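Residue numbers (our numbering), protein chains in the order written: chain A, 2 to 627; chain B, 2 to 627.
2 protein chains.
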Amino acid sequence: MKSLHNLIEFIEHKAYALRVWSIKAPAQAGSGHPTSCLSAADIVAVLFFYAMRYDPYHYNNPDNDRFILSKGHAAPLLYAAWHELGLVTDEEILSYRKFGSPLEGHPTRRFKYAETATGSLGIGLSVGVGEALCAKLDKRDYRTYVLMGDSESSEGSVWEAVQLAEYYKLDNLIAFIDVNNLGQSSETMLDYKIKQYVERFSAFGWQVFDVDGHNIKSLMEVIDKAHQVVGKPVMIIAKTVKGYGVDFSAGLQGFHGKAFTGEKEQKALEDLRKNFPQAAAYAAQNDWQPKHPKPNAVAFDSATAIVIMENSEYKKGEMIATRKAYGTALALLGDICDAVVSLDAEVKNSTYAEIFETVHPERFFQCFIAEQNMVGMGVGFDCRGRIPFISTFSSFFSRAHDQIRMAAIGTAALRLVGSHCGVSIGQDGPSQMGLEDIALMRCLPESIVLYPCDAVSTHKLVEQMARYSNGISYLRTTRMETPVLYDNDEQFPVGGCKVLRKSDKDVACIVAAGVTLHEALKAYEFLAKQNIFVSVIDLYSIKPIYGATLLDVARKSNNTIITVEDHYLEGGIGEAVMSALCNENIIFHTLGVNWLPRSGAPEKLLAVEFIDAQAIIRFFDHMFER
Amino acid sequence: MKSLHNLIEFIEHKAYALRVWSIKAPAQAGSGHPTSCLSAADIVAVLFFYAMRYDPYHYNNPDNDRFILSKGHAAPLLYAAWHELGLVTDEEILSYRKFGSPLEGHPTRRFKYAETATGSLGIGLSVGVGEALCAKLDKRDYRTYVLMGDSESSEGSVWEAVQLAEYYKLDNLIAFIDVNNLGQSSETMLDYKIKQYVERFSAFGWQVFDVDGHNIKSLMEVIDKAHQVVGKPVMIIAKTVKGYGVDFSAGLQGFHGKAFTGEKEQKALEDLRKNFPQAAAYAAQNDWQPKHPKPNAVAFDSATAIVIMENSEYKKGEMIATRKAYGTALALLGDICDAVVSLDAEVKNSTYAEIFETVHPERFFQCFIAEQNMVGMGVGFDCRGRIPFISTFSSFFSRAHDQIRMAAIGTAALRLVGSHCGVSIGQDGPSQMGLEDIALMRCLPESIVLYPCDAVSTHKLVEQMARYSNGISYLRTTRMETPVLYDNDEQFPVGGCKVLRKSDKDVACIVAAGVTLHEALKAYEFLAKQNIFVSVIDLYSIKPIYGATLLDVARKSNNTIITVEDHYLEGGIGEAVMSALCNENIIFHTLGVNWLPRSGAPEKLLAVEFIDAQAIIRFFDHMFER
């Protein structure tokens, strides 16, 4: 570009084009959020055509600046930006919201230029924190830009991200809030109180600028200032007008999520031409090129090799909590795989993530008690090629379930590790017991759910998780110590199970995992002495379940399966097994937690919930009475 | 009390007693968090023996000031306070954490003086916002006090509550943060940066005071100042020392969640005597009485009567979305029941909660896009005898799952209504589709899960929800319009189902609900023409399922059940039905969403997920091929 003036004219033209497509795409789809695009079009134009240093033709260049559209309902803007870069065709952008198109109603990673799936509000900033922190770790110079709506700033997750970005002094993170003051059905909580936005983010230690969000030159200047900030993240509060440029919608309630169809589309496009005559008529030859990213020495090579860990060296019968075996395995995994990072929510001495921290402190990130942001950050690390292991109490992952859901929709390969599952944690009481975690983790597309009963299987399953990159993997670990059952060279493929006891006179098959597996083995011993024989299966892989072995053993066990689990009956091991064998004419009996538990000694609680060895034995007593 | 001096001495003595019991109770239990109690003992002493106006002997007096222990791990402090009021015996407080004791590791409502269950951090302030807002609604003068830890202030939910308390100008809400700067495993994010705490909460429009949290006189003075504040909520930042009073733990890392047992208990008690000699030796006769609450005219009588709604007046075949029928029913319910309040997360025009708002604006509360706080507030309303109906998109309840989990643990009777379930919402794409909500809501103790297929059943189920006070009730509503199937006087008891089609030659039973029920009926028509007969059941009650009817129909339908659901297969209708009939030798086939969906027209998506009429018909084609 010859001059600043020329550049501004060019960007104004691009903003105009973004607006045009933000009207046309929803119009053809018959739905969408054009007014939410119109308020942010100038910001996006300045980002893509002025601020960002990137090679759009190599969108996965690791040194490219990143852009996260946190206000995912403004998806057409994102698609239009890539259209204006020449990488999305007219036909493609007009396929928006049609079945089979990667240009979905809210962005998913089916659109390859989308950083992550967005559409549940208030998540993008956390992803940005993860990416910005990853840049620091990788010693790369890319910046991460996040565009948020004003309504979503009321989500607590935003404030979790805000706190942590300040804590880690992420001056490579620049966020915008598009303050158009109109939510879906009413004015936002803060309306146009720009001063309050500025005060709030400033109080959290961010460098805050406010700007006219429809003035290209001002936006460019504020970006220049943002680039000068050192030692703190930057928030830009952009005052905008919802529906800007289309007279019949600008600044008016009642147009959220309404496509301009038919005559309205024509009227809207006319308004744009009228309101931006120069940009509409722009025909200058231009030599615009994106600012290229600063290439960095490859400080980190995204590990695509298959992870192969040495076997563990546990002794059979040794008492070790699986949560501790997890920490130990993770530290070893970190030795052989640079990509592994560990995120903790201030419970590292409970989850044993502290073992990893001790040996790899530079790849351990304290996220404090803010689970939503921690999971969102994990998505950011995943986006940048890292292998994030994220651990907290299993019950507290429920705090971040929407983030986990969105990570699954974005096919992020998060490795989640939940400790302190079940009533077996004992005295701390129900608030600390993970009793729904299996159910919550099962109903995520492409997830796997693993639940080891001993240290050896934990070690092997951590290795499996490192290798699993199709989606969420979840490992459920136990607070109490349990004896090592397996040889160190035993294999634990995902989807499998272990047949620990069987005979040719089995009257039923007991399927258990974790602590209840040990109860099942105790019951087996007792029953065997009474000449009652049962098969016993360790279902360490709760999702998926490749049912052949289970079915084979059940067939030879009187077509009867008894599941025993330290989890609510709903959505847990029992239902997972039933689903796997639902049309096989198997009789199922389920033992699990069936009411609100209370504080007490672990053994006592296993007993009162009827999931200990005695309960299993009593069950067989009743069975034979019948 | 004769003089201020006497009163201070008395409260210092009470603080000492709180410390003693906060050591003794965990010592006998062998676990617990004494150091987290020691930092907050002076605050609690000042609250219970100076600030609060209440009648402890009538703890459910609706005009009593409320106290919420958000840092639930400091439970012994709460128990000790009621011990010092003479309402918990020595024996009872020493039963802490023992099986059967209402004094659990973290407070639940089994301890009748606990306002709500706490222990998952960052939730108490939202409950407080609900109670404070309820006081305004009820025109009662009680104040709500919330005690938080410093670590938990990093939870985003806290900032959601902070925003809304300012928005509603809740000057009857006073919160403390016990800044002892030590978390579970490390220093807190803000350490002792009191100034930053003050700046942050001030920026959010709260009146903030900082105070020495171990100076009784200063605490009393700050309370006096707090009581003078008008028009805004008050946050008191109390600088404290973790383990205060016990020399070997005071201000030191490594003592979180560690009971002082054996010799350590004796040493700790000795330290207390040494450090608080006057309070330990206190033997004055005293005439202390709590300040009694200001009695209010009963502006609102908590509705204990059974709610009986008039029948709806829908016409069979009329096309109405169940979400709209919900809004209509809620408005009618509001007419006959003053206790009903409606909470919305800025989607009232999508959930149709706006119909309620139109007729009962004073009982409609806009919570903006902050679902966690909305659910926490609901608990507060429930505590004060209201019937809260809380609605948002079904997918977005996943944002608040931990709050919902804790509400269930606290046996709060929240009525949750999730709209936009399933792939049938169409073009907006997977982020907006509730596809795991049934699974998430099933695995809550005492929950009920309802899923109407038409306007009449929606109307009746809203009435059932109003009556259900044992725990969480969940209603799943649909975006698209569906035809009215039932007569307006049809009854829909919880646990039941409706047999819509059956004959004496049924080859299978189709169990469906919501949109898929209509697909099942279409399939029935088509199959009947081919002389293939099936029974069809509307499973409007997914939890509980009283299986007798289902079993009876299945027995007469070739012992074969086919479930069809617009939900992931995991934890959904299929598994619920399997669980209900697991040991009855029924063959199950399940149709449901089995992979990550995408944007598209609703009909198209139902088809590609194999949950439409054609999929059911094809299933029978295959069945007969075999």
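Even for Gly, the Cβ is constructed at its ideal location relative to N, Cα and C.
In this text the structure is predicted, and so the values were computed from the model without any measurement.
Between residue i and chain A, is there a C-beta pair that is closer than 9 Å?
i	result
Gln185 (chain B)	yes
Thr109 (chain B)	yes
Asp567 (chain B)	no
Asp403 (chain B)	yes
Phe256 (chain B)	no
Thr119 (chain B)	yes
Val348 (chain B)	yes
Lys544 (chain B)	yes
Cys338 (chain B)	no
Thr591 (chain B)	yes
Asn584 (chain B)	yes
Arg627 (chain B)	Because Arg627 (chain B) carries a pLDDT of 47, less than 50, the predicted location of this residue cannot be relied on, and the following value inherits that uncertainty. No, its Cβ sits nowhere closer than 9 Å to a Cβ of chain A.
So with Cβ pairs under 9 Å, would you call residue i a contact of chain B?
i	result
Asn181 (chain A)	no
Ile588 (chain A)	yes
Trp207 (chain A)	no
Leu445 (chain A)	yes
Thr517 (chain A)	no
Met190 (chain A)	yes
Gln367 (chain A)	yes
Gln29 (chain A)	no
Cys38 (chain A)	no
Met481 (chain A)	no
Met579 (chain A)	yes
Tyr193 (chain A)	no
Distance, Cα to Cα, residue i vs residue j?
i	j	result
Arg627 (chain A)	Cys510 (chain A)	Low confidence applies here, because Arg627 (chain A) scores a pLDDT of 47, under 50, leaving its location unreliable and the question unanswered by this model.
Tyr452 (chain B)	Gly33 (chain B)	42 Å
Leu134 (chain A)	Leu171 (chain A)	7 Å
Phe277 (chain B)	Tyr114 (chain B)	28 Å
Thr36 (chain A)	Thr241 (chain A)	11 Å
Gly252 (chain B)	Ala269 (chain B)	14 Å
Asp403 (chain A)	Gly497 (chain A)	29 Å
Gly131 (chain B)	Ala280 (chain B)	37 Å
Ser203 (chain B)	Ala204 (chain A)	9 Å
Ile12 (chain B)	Ala46 (chain B)	6 Å
Thr329 (chain B)	Gly125 (chain B)	32 Å
Ile543 (chain A)	Ala76 (chain A)	36 Å
Arg141 (chain B)	Ile175 (chain B)	16 Å
Val450 (chain A)	Gly601 (chain B)	30 Å
His421 (chain A)	Glu116 (chain B)	26 Å
Compute the beta-carbon to beta-carbon distance between residue i and residue j, rounded to the nearest angstrom, for a pair I have assumed lies under 8 Å.
i	j	result
Ala326 (chain B)	Thr459 (chain B)	4 Å
Ile1 (chain A)	Phe620 (chain A)	In the structure as shown, chain A starts at 2 and stops at 627, and residue 1 (chain A) therefore has no counterpart that could be examined.
Arg67 (chain B)	Thr145 (chain B)	4 Å
Leu70 (chain B)	Pro108 (chain B)	6 Å
Val159 (chain A)	Glu167 (chain A)	Incorrect: roughly 13 Å between the Cβ atoms, too far for contact.
Under 8 Å: does the beta carbon of residue i sit that close to some heavy atom of the ligand ATP?
i	result
Arg599 (chain A)	Within the structure as shown, the ligand ATP is missing, as the structure has no ligands at all.
Using a Cβ cut-off of 8 Å, which residues of the region 484-499 of chain B contact any Cβ in chain A, in chain order? none
Chain A contacts from the region 408-432 of chain B (Cβ-Cβ distance under 7 Å): Ile410, Gln428, Asp429, Gly430, Pro431, Ser432
Looking at chain B, which residues of the region 370-390 of chain A have a Cβ within less than 9 Å of any of its Cβ atoms? Residues Ile370, Ala371, Glu372, Gln373, Asn374.
Taking 8 Å as the threshold, find out whether the region 36-56 of chain B comes into contact with the region 220-231 of chain B through three or more Cβ pairs. Result yes; three or more Cβ-Cβ pairs closer than 8 Å.
Could you name the residues of the region 140-159 of chain A whose beta carbon sits closer than 8 Å to any beta carbon of chain B, in the order they occur along the chain? Residues Ser152, Glu153, Ser155, Glu156, Gly157, Ser158, Val159.
Three or more C-beta pairs below 8 Å linking the region 476-486 of chain B and the region 414-426 of chain B: yes
Listed from N- to C-terminal order along the chain, which residues in the region 596-614 of chain B have their beta-carbon within a distance smaller than 9 Å of any beta-carbon of chain A? Residues Trp596, Leu597, Pro598, Arg599, Ser600, Gly601, Ala602, Lys605, Leu606, Val609.
Tell me, please, whether the region 222-237 of chain B touches the region 236-250 of chain A by the rule of three or more beta-carbon pairs shorter than 8 Å. Judged by Cβ distances under 8 Å, the region 222-237 of chain B makes no contact with the region 236-250 of chain A, as fewer than three pairs qualify.
For the pair the region 465-479 of chain B and the region 402-420 of chain B, tell me if three or more CB-CB distances fall below 8 Å. yes
Taking contact to mean 3 or more Cβ pairs, one atom from each stretch, closer than 8 Å, check whether the region 73-89 of chain A and the region 580-598 of chain B are in contact. no
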